[in-house]
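Protein chains in written order, with this note's numbering: chain A, 17 to 263; chain B, -3 to 339.
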Ligand code: B12
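Structure representation (structure tokens):
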């Protein structure tokens, strides 16, 4: 399939038609070095990812290429494997750590060159809720897809979200809730944004195991996502809509 | 068959023996806001005062006529006594540990505080069990709860740090679990001394977070040892997806496994091959919280048809669950029995 044998094996875990095409096309014409980075990231091998990233940069390969053709291709496969229960949270965490090992070298170059991020997202788990694993995975995938993400952590009140909005001026705010006792705090946050006149300034996205599309609609959220991959897709859709609005 | 006492019924079901009717018993918690108002025992005080705790726990019998009483409503009493950073919340939410601010770094930090069993937040459960024992006598089973080392590890080390460690240094993880199990034994034994008939052991090695192989590698032996050491029946509780690890759980010698609605009752029954009793698995966030009695009863029927031995909500029930939906669980069992006896 691809030049890198290990990566080709990993790619066999991708079984959805649209994803085979999308991820496959993205890997197909990349160099063996990029494929090695993608593979090392999937293995959670932070040393190799860091080392190879430095080497590639020294060879004059652009930061953007390493990000798109190496790190992000690896992360896409990690996302699919996690969603399909082939790997679990610890394996995702080490992949995320490997991603970070590459990003440390790439990020300063990207920000210097003034390349615009995909968009800015502010994330938090709502008030009274301390479940944060799902939120953190969403953050990882969003960052891995080129978004700048600010993390407000857990137990985030409507006021905290509004303060965060003032401070970071995100395009999107993502709220996570895992408890039926705290789900209504998503609605309260949306209402709070209405009350203080910020609702039209930002798109609000919600998720977490007990949250449904129906519930999201009822609360007046702009989007609902049921997985970390979905969070990225929905964020991209919202950004496109915002662009249309602003143009 | 002659009518059994609640205790006989629950114990028979735990041993997969014949029962006069399948028991309804939640080994985690049935505390609700409605009940807090009824007996004037709101959270968080009901988690911290023995008298209020016992009063709220008693509603499981007095209002819902379930077959057991479970006075430990949350999963944080030991962690508070250990010294974790706590958030006690208010009436309509569960108290919790601030896991983003962990107190320990690694296994070498794990030490049992001298006053562990005298601490307000462990003692409250022990005293509550004594009150309930006195009030309800010996025919109603009291289910205590002692946290397993895996869940304690989330609380003291932080979830992500602990899970990363399982890959970076699995022998360190094993050492940490080995040391943390001390708390499970201490608090469990103390509850038995206070009068608990059964213990729930929550230990969240769930398929939502870790693979089935993890259960075998890190926990199966520890749980087997617990089943041998404790003198009372144990009910293991793990929420989320667990079918893949149920065959291993069934081998531990524990009496029962309390399972989540993410696993179908028939699949669960198939997985355990009658080696352990199953307790569950009425869905919380959708069915009990927001649907009606007809739908609750339908899930009761699904469990009974599959052969689940003890009928229960899948986990600590949503605090705003309506009483009628809880009563519908017991009614569902009655309806099923009358249909069953006709045929
Ligand atoms: C792990 C876990 C815990 C851990 C939490 C560790 C942590 N730091 O997060 C521990 C053991 C500490 C814990 C504690 C409690 N828990 Co808990 N827990 C779980 C469990 C087993 C898995 C949750 C999880 O992390 N899943 C894995 C992640 C990856 O999935 P996820 O969060 O759904 O996220 C994905 C998607 O939803 C989506 N997503 C998530 N957020 C967002 C946001 C946006 C914007 C988008 C687009 C997408 C998105 O993407 C993610 C990645 O794919 C669930 C079981 C279940 N059935 O869900 C119970 C569960 C959530 N817990 C429950 C309960 C009751 C509790 C406690 C109250 C227990 C108690 N009695 O004290 C306390 C809560 C204290 C508090 N105030 O928060 C109940 C809640 C039911 C209810 N009534 O509401 C559940 C559902 C169990 C059950 N079956 O009843 N819990």
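We treat Cβ as the ideally placed atom computed from N, Cα and C, and that holds for glycine.
- The beta carbon of residue 146 of chain A sits closer than 8 Å to at least one heavy atom of the ligand B12.
- Counted as a single uninterrupted DSSP element, the stretch harbouring residue 103 of chain B is not any beta strand (DSSP E), since DSSP gives it neither H nor E.
- In this structure, the CA atom of residue 296 of chain B is about 6 Å from the CA atom of residue 325 of chain B.
- Beyond the five residues adjoining it in sequence on each side, residue 186 of chain A comes within less than 6 Å, by CB distance, of 136, 137, 138 in the same chain, given in chain order.
- Residue 129 of chain B: member of the alpha helix (DSSP H) spanning 116 to 132, first to last residue.
- Per DSSP, reduced to three states, the secondary structure at residue 155 of chain B is helical.
- The three-state secondary structure of residue 231 of chain B, taken from DSSP, is strand.
- Within chain B, no C-beta atom comes nearer than 9 Å to that of residue 245 of chain A; the closest sits roughly 16 Å away.
- Residue contact with chain B for residue 155 of chain A: absent (no Cβ-Cβ distance below 9 Å to any residue of chain B).
- Using a Cβ-Cβ cut-off of 9 Å, residue 13 of chain B does not count as an interface residue toward chain A, since no Cβ of chain A sits closer than that to its own.
- Chain A has no Cβ within less than 9 Å of the Cβ of residue 260 of chain B.
- For residue 310 of chain B, the CB falls within less than 8 Å of some heavy atom of the ligand B12.
- By DSSP's assignment, residue 198 of chain B forms a beta bridge with B:233.
- Residue 155 of chain A sits away from residue 89 of chain A, with the two beta carbons spaced by 9 Å or more.
- Residues are counted here when their Cβ sits less than 7 Å from a Cβ of chain B; for the segment 212 to 230 of chain A these are 226, given in chain order.
- DSSP places residue 176 of chain A in the helix class (H, G or I) of the three-state scheme.
- With contacts defined as CB atoms closer than 9 Å, residue 121 of chain B and residue 68 of chain B qualify as a contacting pair.
- For the segment 81 to 96 of chain B, the set of positions with a beta-carbon nearer than 8 Å to some beta-carbon of chain A reads 83, 85, 88, 89, 90, 92, 93, 94, 95, 96 in chain order.
- Residues of chain B whose Cβ lies closer than 7 Å to the Cβ of residue 29 of chain A do not exist; the shortest such Cβ separation is about 14 Å.
- Among the residues of chain B, none has a CB under 9 Å from the CB of residue 203 of chain A; the nearest is roughly 14 Å distant.
- Listed along chain A, the residues sitting closer than 9 Å to residue 162 of chain B by beta-carbon distance are 106.
- Taking a C-beta distance under 9 Å as the contact criterion, residue 148 of chain B and residue 221 of chain B do not qualify as a contact pair.
- Under DSSP, residue 254 of chain B shares a beta bridge with B:233, B:275.
- Shown here, residue 8 of chain B sits in a helix according to DSSP, grouped into three states.
- Between residue 228 of chain B and residue 188 of chain B the beta-carbon gap is near 6 Å, inside 8 Å, which marks them as a contact.
- Contacts with chain A (Cβ-Cβ distance below 7 Å) from the segment 18 to 49 of chain B involve no residue at all.
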